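Q: The structure's right below; bear with me while I get my questions together.
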Amino acid sequence: MKTILKDAESKMQKALDRLDYEYSTIRAGRANPAVLEKVSVDYYGAMTPINQMAAVSVAEARILVIQPWDVSTLKAIEKAILNSDIGITPTNDGKVLRLVFPQLTEERRKDLCKSIKKYGEECKVAVRNVRREAMDKMKSKKKDGELTEDDMKSGEKDVQKLTDKYCDKVDQHVSDKEKEIMSI
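Written out as structure tokens, the structure reads:
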């Protein structure tokens, strides 16, 4: 029983960690190297993440500087950024690329809040799926005679408490990120 609960909690925490990762890639008016994590460049036939072929640093609050280790890849990196869904056009000076993050408009903030809520709902669905898996495991153990009816009921309550706890954490993360976006 305890192993089922620990396993469920571990999976729920992973879903919450994934939500934090998704939030780190949302462009919020400040330069953040994490926005480039999903961008890959065709480098000698292999799709390579930008952070593996260039130094990515924050020059100012709203400027991200990409300095490739091999200057010949500058054009390929620029093309990959243009083709991505970041929505920022890089400036190329022959040695480095600069991404200037524009100030967020009210409309863009609202769009970002919708994305934040969508990611939060996806995380809640993942948490609920973990709950369903745990309940199914307990039913299977009860059917095999490894659990009594009382253990089953108490286990279901524990799994539900865990689910509620993580759903509350997701709601808190969503609200914190929305406040951050609206206050920038």
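Under the working numbering, the first residue of the sequence shown carries the number 32, and numbering increases by one thereafter. Even glycine gets a Cβ: it sits at the ideal position worked out from N, Cα and C. What you are looking at is a predicted structure, and each value in this text was computed from that prediction instead of being measured.
Which class does E68 belong to by DSSP, given the choice of helix, strand or coil?
A: coil
Q: Thinking G186 and M43 are a contact (beta carbons under 8 Å), I'd like their distance in whole angstroms, please.
A: Between M43 and G186 the Cβ distance is about 15 Å, and since that is not below 8 Å, they are no contact.
Q: Closest to V96 by C-alpha separation, out of Y74, R140 and D124, would be which residue?
A: Taking V96 as reference, the option from Y74, R140 and D124 with the minimal CA-CA separation is D124.
Q: Cutting at 8 Å between CB atoms, please list the residues of its own chain near M213, excluding the five before and the five after it.
A: Listed in chain order, the non-local C-beta contacts of M213 below 8 Å within the same chain comprise R140 and C144, local neighbours out to five positions each way being set aside.
Q: Checking 8 Å against the spacing of the C-beta atoms, do Y197 and L47 come in under that value?
A: yes
Q: Per DSSP, what are the beta-bridge partners of R129 in this structure?
A: V96 and T122
Q: Note down, in chain order, each residue of its chain lying with its Cβ closer than 6 Å to the Cβ of L105, except the 5 sequence neighbours on either side.
A: P99
Q: Go to M183, then tell me how far its alpha helix (DSSP H) extends in each direction, as first and last residue.
A: E180 to S214
Q: My assumption, with CB atoms under 8 Å, is that R49 sits in contact with I94. Please give the rounded CB distance.
A: Not really, about 29 Å apart at Cβ, beyond 8 Å.
Q: Give the single residue among Q134, N114 and N82 whose Cα lies nearest to the Cα of E68.
A: Checking every option, the nearest Cα to that of E68 belongs to N82.
Q: Does S171 come out as helix, strand or coil in the three-state DSSP assignment?
A: helix
Q: If I measure Cβ to Cβ from P64 and keep anything under 8 Å in the same chain, skipping five residues before and after, which residues do I get?
A: N82, V87, S88, V89 and L95
Q: Between K172, D175 and R163, which lies nearest to E40 when the distance is taken from Cα to Cα?
A: R163
Q: So what's A39 in DSSP terms, helix, strand or just coil?
A: A39: helix per DSSP, three-state reduction.
Q: Along the chain, where does the alpha helix (DSSP H) that runs through A62 open and close?
A: No alpha helix (DSSP H) holds A62; DSSP gives it neither H nor E.
Q: Quick one: measure Cβ to Cβ for C154 and V190, integer angstroms, because I've assumed they're closer than 8 Å.
A: In fact, because the Cβ distance is near 17 Å, the residues do not count as touching under 8 Å.
Q: Can you give me the C-alpha to C-alpha distance between M84 and M183, rounded to a whole angstrom?
A: 53 Å
Q: Below 8 Å between beta carbons: does that hold for V70 and S115?
A: In contact: V70 and S115 (Cβ atoms closer than 8 Å).
Q: Since E109 is in the alpha helix (DSSP H), which residue starts that stretch and which ends it?
A: L105 to N114
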